[in-house]
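Just so you know, we're using my numbering here: the sequence shown kicks off at 236 and counts up by one.
Notes follow the structure.
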Amino acid sequence: MPRNLLKQSIRTPMRRGGVQEALADYESETEDFKAEYADFEYAVEEGRIRKYALIENRDVRVIYEEVEEEEVATGEVDDEGRQVYEMIAPERPIEALKRQDRTVRNQYVQAVYSDIREVVKQGKVTRANLKQEEKNVALFALLKT
Numbered sequence: 236m237p238r239n240l241l242k243q244s245i246r247t248p249m250r251r252g253g254v255q256e257a258l259a260d261y262e263s264e265t266e267d268f269k270a271e272y273a274d275f276e277y278a279v280e281e282g283r284i285r286k287y288a289l290i291e292n293r294d295v296r297v298i299y300e301e302v303e304e305e306e307v308a309t310g311e312v313d314d315e316g317r318q319v320y321e322m323i324a325p326e327r328p329i330e331a332l333k334r335q336d337r338t339v340r341n342q343y344v345q346a347v348y349s350d351i352r353e354v355v356k357q358g359k360v361t362r363a364n365l366k367q368e369e370k371n372v373a374l375f376a377l378l379k380t
């Protein structure tokens, strides 16, 4: 913009209605943005959009990736003879982590039971050396199969 036009635009006062109009537009756009952002965050929480942190040398970037739903054919056919498909939503990340945690915990408990059984069966620990609580744990591990 030429220098003269810039000076004129700075000196020209804004219409009184123009300020109110601009403020109303700004508030409207802000509300629209907040609504869109709330929808976006809900999609992230539901697992439809994955949120990743990309860690580089001295910078961290947040990356979003849309997760596509799977289309799976059911064994059903509709009235017109067409195959019926079902949309399967992706599992929420928190649910996947909880399921993984339960699985790992169960494997850990089973490993502890088998280790206690082996130690007691091999006779490495005599029952006289154990406290009552430890005896109960050993008996429980032996009974659990």
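The beta carbon of each residue, even a glycine, is placed where N, CA and C say it ideally should be.
Along the chain, where does the beta strand (DSSP E) that runs through residue i open and close?
i      : result
Ile308 : Note that residue 308 is Ala in the sequence shown here, rather than Ile. From DSSP, the beta strand (DSSP E) with Ala308 extends over Glu305 to Val312.
Glu315 : Segment: none, Glu315 is in no beta strand (DSSP E) and carries neither H nor E.
Leu289 : Ile284 to Ile290
Please report the distance separating the alpha-carbon of residue i from that of residue j.
i      : j      : result
Gly358 : Gln345 : 20 Å
Ala308 : Ile351 : 47 Å
Ser263 : Ala273 : 16 Å
Val319 : Gly310 : 7 Å
Glu368 : Lys356 : 18 Å
Phe268 : Glu305 : 30 Å
Arg337 : Val347 : 15 Å
Arg317 : Gln335 : 38 Å
Arg285 : Tyr277 : 11 Å
Leu240 : Val254 : With a pLDDT of 49 at Leu240, under the threshold of 50, the modelled position of that residue is not reliable, and no figure is offered here.
Ile220 : Leu365 : An answer regarding residue 220 cannot be provided, because it is not within the stretch 236 to 380 covered by the chain.
Leu378 : Leu332 : 31 Å
Ala257 : Glu315 : 56 Å
Counting pairs of beta carbons, one from the segment 321-335 and one from the segment 269-289, are three or more of them closer than 8 Å?
Taking a cut-off of 8 Å for Cβ pairs, the segment 321-335 and the segment 269-289 touch, as three or more such pairs fall below it.
Please give me, in chain order, every unbroken run of the alpha helix (DSSP H) with length at least 4 that falls completely inside the segment 349-378. As far as the segment 349-378 is concerned, its whole alpha helix (DSSP H) runs of at least 4 residues are 367-378.
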